[in-house]
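**Student:** According to this note's numbering, the residues represented by the sequence shown are 3 to 308, in order.
We put the CB at the ideal spot given by N, CA and C, even for glycine.
Since the model is a prediction, treat every value here as computed from it, not as a measurement.
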Amino acid sequence: MEYIRLLLQKNTATFLIVTTGLFILSSCKKDKNSNQIEISDVSAGGNVKLFMVDFLPGNQTVTAITLKNQASGSAGSVHVKLKIDTAVSAAGAKLLPNNGYTQPTLEYDVPANSSVAVPLTINRSNLPPDAVYGIGFKIETTSSGTVSTSAGSIIVKFDMRNKFDGFYRITGTMVDIAAPTITGYFPQDVAVTTSGPNSVTLIPKDLGIPGVLILSGTSLSYYGSFGPVLNFNSSTNQIISVVNSYGQPASNTRSAEIDATGLNVWDPATKNIYVKFVQKQPNTVTTAPNIRVYFNFTMTYQGPRF
3 MEYIRLLLQK NTATFLIVTT GLFILSSCKK DKNSNQIEIS DVSAGGNVKL
53 FMVDFLPGNQ TVTAITLKNQ ASGSAGSVHV KLKIDTAVSA AGAKLLPNNG
103 YTQPTLEYDV PANSSVAVPL TINRSNLPPD AVYGIGFKIE TTSSGTVSTS
153 AGSIIVKFDM RNKFDGFYRI TGTMVDIAAP TITGYFPQDV AVTTSGPNSV
203 TLIPKDLGIP GVLILSGTSL SYYGSFGPVL NFNSSTNQII SVVNSYGQPA
253 SNTRSAEIDA TGLNVWDPAT KNIYVKFVQK QPNTVTTAPN IRVYFNFTMT
303 YQGPRF
């Protein structure tokens, strides 16, 4: 009787092992042949995809997303219908305006065990710099199969900022030879904002418009109609000129000019900017070269603006 009991226990255990194995094989086979449709970009990199936009005239076409049909070859193709999603602010983007892109095709036939690229053409000429734009894609319906619950939607972002853009903290020196009681205000936090493919404008955090904060005695102030714009050589990262955003010169005769004795460069390793420039004002300093103020800035990168 003891022998029979052991034999029954052994056979029962064998049966459980075989049954479990068959269940696992069945499950694997089912998963392998599952007809799931997904946006493969999500599986590869998450629910947000970023493109850095080239600052060139005309249009730029990119592969916005890629649709994938995970079914086996015998399952056939699946007709996928996409929907545009306008909720992009949570991803730190402004909605891509209608005139900023060509309406993409939103219906595709995706063969089994294959992928299909979804192109999007953006109109760079209608997209002002100094912004990150976004547009969402969502799988709305499929002719068969199931939509992936984790990879069924994505936000595609287009970054219009150049590499010099960001938040910086300025330290350094400033000398006003026409008004010695005016001194530099340091440290000074500024938003260095993209104003062109290779140019940025300095906007002090506590001012909100292009300019340079100063101390007039002990009072915080700024030079009216004077806001430095730095122009770079994008290949060498050298600053090739400094101009006044209010005009060169502005109505009050103020203009900016680079001082060639400075480093005048953006360091790609630290993202710090070193710039030396002057403010000219002929109606105050009448003797050529009409330099009123000398600036020598070290601009330490703090991080992206958004």
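Using a threshold of 8 Å, state whether the C-beta atoms of G136 and A193 are closer than that.
**Tutor:** No, the pair does not count as a contact, with Cβ atoms beyond the cut-off.
**Student:** For D33, which residues from the same chain have a beta carbon less than 8 Å from its beta carbon, with the 5 sequence-adjacent residues on both sides left out?
**Tutor:** Because D33 carries a pLDDT of 42, less than 50, the predicted location of this residue cannot be relied on, and no value is offered for it.
**Student:** Of the choices T144, Y187 and N298, whose alpha-carbon is the least far from that of H81?
**Tutor:** The candidate whose alpha carbon is nearest that of H81 is T144.
**Student:** Return the CA-CA distance between T107 and S79, expressed in angstroms with no decimal places.
**Tutor:** Straight-line Cα distance between these residues: approximately 18 Å.
**Student:** Spatial neighbours of L209 within its chain, please: CB distance less than 7 Å, with the 5 preceding and 5 following residues excluded, ordered by chain position.
**Tutor:** So the list reads L215 and Y224, once near-sequence residues are dropped.
**Student:** What is the C-beta distance between I293 and V280, in whole angstroms, given that I count them as a contact (C-beta under 8 Å)?
**Tutor:** Their Cβ separation, rounded to whole angstroms, is 5 Å, which keeps I293 and V280 in contact under 8 Å.
**Student:** If you scan the segment 60 to 120 from start to end, which runs of the beta strand (DSSP E) of 3 or more residues do you find wholly inside it?
**Tutor:** The segment 60 to 120 contains these whole beta strand (DSSP E) runs: 61 to 71, 80 to 87 and 109 to 112.
**Student:** Give me the Cα-Cα distance between Q2 and I67, rounded to the nearest whole angstrom.
**Tutor:** Residue 2 lies beyond the range of the chain shown here (3 to 308); nothing can be said about it.
**Student:** Just grab the DSSP bridge partners of A258 for me.
**Tutor:** Looking at the DSSP assignment, A258 forms a beta bridge with Q281.
**Student:** Taking the continuous alpha helix (DSSP H) assigned at Y45, which residues delimit it?
**Tutor:** According to the sequence as given, residue 45 is Ser; it is not Tyr. Its alpha helix (DSSP H) spans residues S42 to G47.
**Student:** Taking the beta carbon of T195 as the centre, do at least 16 other beta carbons fall within 10 Å, making it buried, or is it exposed?
**Tutor:** It counts as buried.
**Student:** To the nearest angstrom, report how far apart L97 and T183 are at their CA atoms.
**Tutor:** Straight-line Cα distance between these residues: approximately 47 Å.
**Student:** Where does F25 sit, in a helix, a strand or coil, going by DSSP?
**Tutor:** Confidence at F25 is low in this model, with a pLDDT of 41, below 50, so the placement of that residue should be treated as unreliable; the coordinate-derived value is given next. Three-state DSSP puts F25 in a helix.
**Student:** For the segment 170 to 186 and the segment 295 to 304, state whether three or more C-beta atom pairs, one from each stretch, are separated by less than 8 Å.
**Tutor:** A contact exists between the segment 170 to 186 and the segment 295 to 304.
**Student:** Who are the Cβ neighbours of C30 in its own chain at under 7 Å, not counting the five residues just before and after it?
**Tutor:** Here the model assigns C30 a pLDDT of 43, short of 50, so the residue's position is not dependable and the matter cannot be decided.
**Student:** Do F229 and P212 have their C-beta atoms within less than 8 Å of each other?
**Tutor:** Position check: residue 229 holds Gly in this sequence, whereas Phe was assumed. The answer is yes: Cβ separation under 8 Å.
**Student:** Would you tell me roughly how many angstroms separate the C-alpha atoms of Y110 and Q240, rounded to the nearest one?
**Tutor:** Distance between the alpha carbons of Y110 and Q240 is about 47 Å.
**Student:** Please identify the residue among T255, S243 and S117 whose C-alpha is closest to the C-alpha of T286.
**Tutor:** Comparing Cα-Cα distances from T286 to each of T255, S243 and S117, the minimum goes to T255.
**Student:** Exposed or buried, what is F160 when buried is set at 16 or more other beta-carbons lying within 10 Å of its beta-carbon?
**Tutor:** Buried: at least 16 other Cβ atoms inside 10 Å.
**Student:** Any idea if Q105 is buried or exposed, counting beta-carbon neighbours within 10 angstroms, 16 or more meaning buried?
**Tutor:** Classification of Q105: exposed, given that the 10 Å Cβ count is below 16.
**Student:** What would DSSP say about S127, mapped onto helix, strand or coil?
**Tutor:** S127 falls in the helix class under three-state DSSP.
**Student:** Name the residue from L232, I124, F169 and Y248 whose alpha carbon lies nearest to the alpha carbon of R307.
**Tutor:** Residue F169 is the option with its Cα nearest to R307.
**Student:** Excluding five sequence neighbours on each side, which residues of the same chain lie with their C-beta closer than 7 Å to the C-beta of L129?
**Tutor:** Only G102, Y135 and M162 meet the Cβ criterion.
**Student:** Using DSSP bridges, identify the partner residues of L122.
**Tutor:** Beta-bridge pairing links L122 to V64.
**Student:** From the DSSP output, which residues share a beta bridge with M176?
**Tutor:** Its beta-bridge partners are F297.
**Student:** In the DSSP assignment, what are the bridge partners of D208?
**Tutor:** D208 pairs with nothing; no bridge assigned.
**Student:** Can you look up F160 in the DSSP assignment and give me helix, strand or coil?
**Tutor:** F160 falls in the strand class under three-state DSSP.
**Student:** Let me make sure I understand the geometry here. Which of T302, T151 and D261 has the alpha-carbon closest to that of F188?
**Tutor:** Cα-wise, what sits closest to F188 is T302.
**Student:** Quick one: grab the DSSP three-state call for P306.
**Tutor:** Looking at P306 - three-state DSSP - the assignment turns out to be coil, as it is neither helix nor strand.
**Student:** List, from N- to C-terminal side, the beta strand (DSSP E) runs of 3 residues or more that fit wholly inside the segment 208 to 255.
**Tutor:** As far as the segment 208 to 255 is concerned, its whole beta strand (DSSP E) runs of at least 3 residues are 215 to 218, 221 to 224, 230 to 234 and 241 to 246.
**Student:** Got a sec? Which residues, its chain only, sit under 6 Å from P291 by beta carbon, not counting five neighbours each side?
**Tutor:** Here the set comprises nothing.
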